[in-house]
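Some notes on the structure that comes next.
Chains as they are written, first to last, in the working numbering: chain A, 1 to 269; chain B, 1001 to 1269; chain C, 2001 to 2285.
Written out as structure tokens, the structure is:
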């Protein structure tokens, strides 16, 4: 199967902004049904990349293909029906006056009939476990609940790709874990492709593949094992940090990256 | 803020609460117009009976309605005062230099007072018995035909509903910023008028900046979720017209007929 | 400077509605110069506890004592002003309080409100700006032109410039990337060490608690349910489970490992270093 997203030789720069978040010769692909984590320091170009993928920004050079269709000013509206993005701030994405109204927003934009909307909304709220909150207004919801509603709003459109632009950063650890679980389940069940831009290394370690960016360029792609194992500047997930510490102390740890369960097994041998 | 009754919603289940917002809006505006048909004690009695019956049917305490009149009482009395002084005719009661008070003047004064108060009462009935979002939906629905004239009705009603949705959020934010500035030694509501106005700057500027940021993020979200100003979009929030709404409009018609009859056959005015 | 709560209860008054008690009969004694972490679930009253420390939330019962100043229910104007100078409070996402034309002006805002002369305020601004890891040249810039991380440091600088005796922070690392978070917390730690500043930190990050805190306060439903030395709190497994408390990564792994392998490590491990050493000691690594 061809990759669902193909990015070729992307160049982008803000001409007026002072902080130069430019992209230089960015190329990569994303396979259908894969969870790709995008990591890198602030200013590495991660968010700019996300915005370009959903057509909010236009690159100066390069081409993006989503499910075989080239992304440009004309096609972006159609492509957006298959892609959704969840941003960082839970409040600034909540448009409706109640939970179900917000989920309906995207469907209303497609001029969908009432009956179809009802079915989609019911299903979407069930998938994120927010059905009992359907009449709640946003001021009574926590950040995590609001992000779940944002995800439901996207799911209602039955997308193929979901982009998370540091969507969990403003949530407390329990909410973060809950959302990650829901997202992993959705990926399995619905075959969703997920691109998650994140700082959380434990979250990135649970992805299928990691893409590392620095100063607007892709410096590394590969499995979490290879990226975290080789790239020492990245803050490693816990088990890897332990392995490196033991290595430093001269112990006989394996030379390659280990997941937490692998570390446990090795210690208990 | 407690006395700002006009504009507040009081939840309830009266017949008035259950009327369609469109029926209420149309009836209220219509009422304000037909009030001008009244010109004698019989017609005024009719509209008073109508007003009182409507207020009682809303199941809201009369004292609440009175509170809605209070902020405007000086304006009302001033207008009455002008009417009394500048309407001549009938029996002259007071003739003291430039001040002439006649029976016509007094009667007109009473009529003006009644009109003012009834307009306030009826408007208050609408806002007290209708949720702000339902009012917005009602306005949107009534203005729909204007879409054919390329008037951006959808944008306008989206503006209204988004503003409503953010009122609690903005109030929260204001509280937070005020707390932060209090913690830095600002005291609000103290000192000369000039000093007090200066203390508003550390509140307004941050709120303004965050609102600008919020507007940008929301615009991005709306765009990615497919919102296009010119495109036809459906509505999830449905307003359903019932028999009781038709009856409501029919009653308005009956009142109009009654007024016309009483006016033309009326004794003296 | 010491912070003491005696039987403090508080609620929020919203017009005619009184919210349920957000603080219930709280007794607290924070030793002068200690670095205390406050943890608990969302809604447990952590933020309310902080606000009660500088009079933003007035007690409906009991007394809050900061150093020599007391705050009780009722009118307290002079006491409040005094307390707010002594207790420097950094709210969550403090960058949202920046408003002045220049960074220098914003940093001087607090000190000026407390009667410091303009010259001295400017001196303090120059001093404090380097302490938060920013260059002097930033003083003339508009706070709105800065990056998120820089804005946060400027906001913290604005509080430090008040020269408080107690520093209270509500999740200072919220929303930052791991590097930025580390830098902010080291900054706070440095300030605490060099001035012996009583520091109170609300956080969800247990690894930070293990790294910096001397004591831990656990809150639940408006009450303090635990207040003890950091290491002791993370040792008591039963208590941890009954309060559904999170623990530092190393401790979590240790508990999991001990359960699976049946082997107990010689001591409680709160950091990767400690864990590595303990594993080596028992011969597992």
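Glycine included, every Cβ here is placed at the ideal spot set by N, Cα and C.
All figures in this text were calculated on a predicted structure; none of them were measured in a lab.
Can you give me the Cβ contacts of residue i inside the same chain, cut-off strictly under 7 Å, excluding the 5 residues immediately before and after it?
i	result
residue 1002 of chain B	Note that residue 1002 of chain B scores 47 on pLDDT, short of 50, meaning its location in the model is unreliable and no value can be drawn from it.
residue 2002 of chain C	2030, 2031, 2032, 2067
residue 2266 of chain C	2278, 2281, 2282
residue 2250 of chain C	2269, 2270, 2271, 2272, 2274, 2275
Could you pull out every residue in the same chain whose Cβ sits closer than 8 Å to the Cβ of residue i, ignoring the five residues on either side in sequence?
i	result
residue 266 of chain A	253, 254, 258
residue 238 of chain A	202, 260
residue 59 of chain A	10, 11, 12, 23, 52
residue 2213 of chain C	2035, 2036, 2037, 2201, 2230
residue 1135 of chain B	1021, 1025, 1126, 1127
residue 2140 of chain C	2102, 2103, 2104
Since residue i contacts residue j with CB under 8 Å, what's their CB separation in whole angstroms?
i	j	result
residue 2110 of chain C	residue 1185 of chain B	6 Å
residue 2207 of chain C	residue 2248 of chain C	5 Å
residue 2106 of chain C	residue 2099 of chain C	7 Å
residue 2270 of chain C	residue 2234 of chain C	6 Å
residue 2159 of chain C	residue 2132 of chain C	Not really, about 10 Å apart at Cβ, beyond 8 Å.
residue 1182 of chain B	residue 1043 of chain B	Not really, about 57 Å apart at Cβ, beyond 8 Å.
residue 171 of chain A	residue 143 of chain A	5 Å
Establish whether the CB of residue i and some CB of chain C are separated by less than 8 Å.
i	result
residue 1013 of chain B	no
residue 220 of chain A	no
residue 1003 of chain B	Any answer about residue 1003 of chain B is weak, because its pLDDT of 49 lies below 50 and its placement is not dependable; what the coordinates show is given next. No, its Cβ sits nowhere closer than 8 Å to a Cβ of chain C.
residue 1196 of chain B	no
residue 1183 of chain B	yes
residue 1210 of chain B	yes
residue 1186 of chain B	yes
residue 1269 of chain B	Unreliable placement is indicated for residue 1269 of chain B, whose pLDDT of 48 sits below 50; the coordinate value is still reported in the next sentence. No, no contact with chain C.
Residues in the same chain with beta-carbon distance under 6 Å from residue i, minus the five sequence neighbours each way, listed in chain order, please.
i	result
residue 6 of chain A	29, 65
residue 204 of chain A	37, 39, 198, 210
residue 1094 of chain B	1101
residue 163 of chain A	50, 85, 195
residue 1269 of chain B	Unreliable placement is indicated for residue 1269 of chain B, whose pLDDT of 48 sits below 50; the coordinate value is still reported in the next sentence. These residues qualify, in order along the chain: 1039, 1040.
residue 1119 of chain B	1032
residue 133 of chain A	99
Name the DSSP bridge partner or partners of residue i?
i	result
residue 2009 of chain C	C/2061
residue 196 of chain A	A/37, A/164
residue 2227 of chain C	C/2217
residue 2029 of chain C	C/2004
residue 214 of chain A	A/217
residue 100 of chain A	None, per the DSSP bridge assignment.
Against chain A, with Cβ distances strictly below 8 Å, would residue i count as a contact?
i	result
residue 2253 of chain C	yes
residue 1170 of chain B	no
residue 2281 of chain C	no
residue 2149 of chain C	yes
residue 1222 of chain B	yes
residue 1174 of chain B	no
residue 1226 of chain B	yes
residue 2324 of chain C	It is not possible to answer for residue 2324 of chain C, since the shown part of chain C is limited to 2001 through 2285.
residue 2204 of chain C	yes
residue 1113 of chain B	no
residue 2285 of chain C	yes
residue 2220 of chain C	no
When the cut-off is 8 Å and only beta carbons count, does residue i lie next to chain B?
i	result
residue 2118 of chain C	no
residue 68 of chain A	no
residue 153 of chain A	yes
residue 2153 of chain C	no
residue 138 of chain A	yes
residue 2098 of chain C	yes
residue 97 of chain A	yes
residue 2124 of chain C	no
residue 2109 of chain C	yes
residue 93 of chain A	yes
Problem set entry | Near-chain B residues of the region 105-126 of chain A - C-beta to any C-beta below 9 Å | 105, 106, 107, 108, 109, 110, 111, 112, 113, 114, 117, 118, 121
Problem set entry | Within 9 Å of chain B by C-beta, residues of the region 170-194 of chain A in sequence order | When C-beta distances to chain B are compared with 9 Å, every residue of the region 170-194 of chain A stays at or above that value.
Exercise. Using a beta-carbon distance cut-off of less than 7 Å, what residues from the region 78-91 of chain A approach chain B?
Worked result: 80, 81, 85, 87, 89, 91
Problem set entry | Interface positions of the region 1054-1066 of chain B facing chain C (Cβ-Cβ less than 7 Å), listed along the chain | Identification of residues in the region 1054-1066 of chain B having a C-beta nearer than 7 Å to some C-beta of chain C yields an empty set.
For this session: For the region 2045-2064 of chain C, enumerate the residues whose C-beta is nearer than 8 Å to any C-beta of chain B, in chain order.
Result: 2051, 2054, 2056
Exercise. Listed in chain order, which residues of the region 232-262 of chain A have Cβ atoms closer than 8 Å to some Cβ of chain E?
Worked result: Of the chains in the structure shown, none is chain E; the protein chains are A, B and C.
Exercise. Using Cβ-Cβ distances below 9 Å, what residues of the region 46-66 of chain A are close to chain B?
Worked result: 51, 54, 55, 56
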